[in-house]
Amino acid sequence: MERVLLLHSSREGQTIKILDYIATKLGSDVQCELVDLHQPLTVSLADYDRVVIGASIRYGHLNKKLYQFIAQHQIALEKAKAAFFIVNLTARKEGKDTPETSVYFKKFLLKSPWVPALQDTFAGALFYPRYNFFDRFMIQLIMRMTGGETDPTKEVEYTNWQRVDQFVDKIKLG
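Residue numbering for the sequence shown is 1 to 174, as defined by full-length UniProt numbering.
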């Protein structure tokens, strides 16, 4: 049975939701394990047939623990069949929803010593009712500036699941 390690750096849970979806789409003959990148790794990447990393953007940045993880495990990631995706609200807009057009992905590639062979960018979700006052205010301000949803009572999922399906197909081929 194929084993896939699903690693996440998630803030609000949409990255985990995408990884759970990927696990389901990989099929019942694939054993998937979901692990938080922010916790010490208790498994070896070498024990898995594939590795998929999902990371979310918050206020324009990936979590520094993602970069620490990559620095610590770069050799293993380069040997593994590894895929990487970034989740952000900017990707809700056409033309900003690919690794080639995402400012966040470009920034990641400049900062990271690891260049994933398989990479993508997915739109995330807004969870206004779950945010504290400061986060709600700041995200509303950003969304106002970028033409997005500002109603503080709404939760809006922007993830394009067909794009995630295409990513899963590439994982299966890789």
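Even glycine gets a Cβ: it sits at the ideal position worked out from N, Cα and C.
It should be emphasised that the depicted structure is a prediction, and the values quoted were computed from it without experimental measurement.
- Length of the line joining the Cα atoms of residue 175 and residue 73: As displayed, the chain neither begins before 1 nor continues past 174, which places residue 175 out of reach and without an answer.
- Enumerate in chain order the residues of its own chain whose CB-to-CB distance from residue 10 is below 6 Å, with the five nearest sequence positions on each side excluded. Cβ-Cβ distances below 6 Å link residue 10 to 16 and 56 in the same chain, with the five nearest sequence neighbours on each side left out; the list follows chain order.
- Item | beta strand (DSSP E) segment containing residue 61, residue limits | Residue 61 -> no beta strand (DSSP E), and no H or E assigned at all.
- Using a Cβ-Cβ cut-off of 6 Å (strictly less than) and excluding sequence neighbours within five positions of residue 105, which residues of its own chain qualify? The beta carbon of residue 105 is closer than 6 Å to those of 86, 99 and 121 in its chain, skipping five residues each way along the sequence.
- Item | Assumed close pair residue 7, residue 37 - CB separation to whole angstroms, cut-off 8 Å | 5 Å between Cβ atoms; contact.
- Query: Taking residue 91 as the reference, which of 141, 171, 81 and 102 has the closest Cα?
  - Reply: Taking only the C-alpha atoms, the option nearest residue 91 is 102.
- residue 116 classed as buried or exposed, judged by whether at least 16 other C-beta atoms fall within 10 angstroms: That one is buried.
- Among 126, 24, 163 and 151, nearest to residue 4 - alpha-carbon criterion: The shortest C-alpha separation from residue 4 is found at 24.
- Measure how close the beta-carbons of residue 81 and residue 174 come, nearest whole angstrom, since I'm counting them as under 8 Å. Right, the Cβ-Cβ distance comes to about 5 Å (below 8 Å), so this counts as a contact.
- Going by Cα to Cα distance, which pick from 143, 148, 124 and 156 is closest to residue 19? Sorting 143, 148, 124 and 156 by C-alpha distance to the C-alpha of residue 19 places 124 at the top.
- Query: Comparing alpha-carbon positions, which option in 172, 166, 160 and 27 lies nearest residue 94?
  - Reply: Out of 172, 166, 160 and 27, 160 has the C-alpha closest to the C-alpha of residue 94.
- At least three beta-carbon pairs within less than 8 Å, the stretch 143-163 to the stretch 54-71: When Cβ pairs closer than 8 Å are counted between the two stretches, the stretch 143-163 is seen not to touch the stretch 54-71, the count staying below three.
- Message: Out of 127, 28 and 66, which one is the CA nearest neighbour of residue 114?
- Response: The residue with the shortest Cα to Cα distance from residue 114 is 66.
- Task: Within the same chain, show all residues whose beta-carbon is closer than 6 Å to that of residue 33, passing over the 5 residues directly before and after it, in chain order.
- Result: Counting only Cβ-Cβ distances below 6 Å, and skipping sequence neighbours, we find 5.
- Euclidean distance between Cα positions of residue 118 and residue 172: Straight through space, the alpha carbons of residue 172 and residue 118 are spaced by roughly 11 Å.
- Would you decide whether residue 144 is buried or exposed? Buried here means 16 or more other CB atoms lie within 10 Å of its CB. Around the beta-carbon of residue 144, fewer than 16 other beta-carbon atoms lie within 10 Å, marking it exposed.
- Message: Let me confirm a value: residue 46 is counted as buried when at least 16 other C-beta atoms fall within 10 Å, else exposed. Which label applies?
- Response: Counting every other CB atom within 10 Å of its CB across the protein chains shown gives residue 46 a total below 16, marking it as exposed.
- Item | Minimum length 3: unbroken beta strand (DSSP E) runs contained in the UniProt domain "Flavodoxin" (5-152) | Every beta strand (DSSP E) stretch that sits fully inside the UniProt domain "Flavodoxin" (5-152) and reaches 3 residues is listed by chain position as 30-36, 50-56, 81-88, 118-123 and 125-127.
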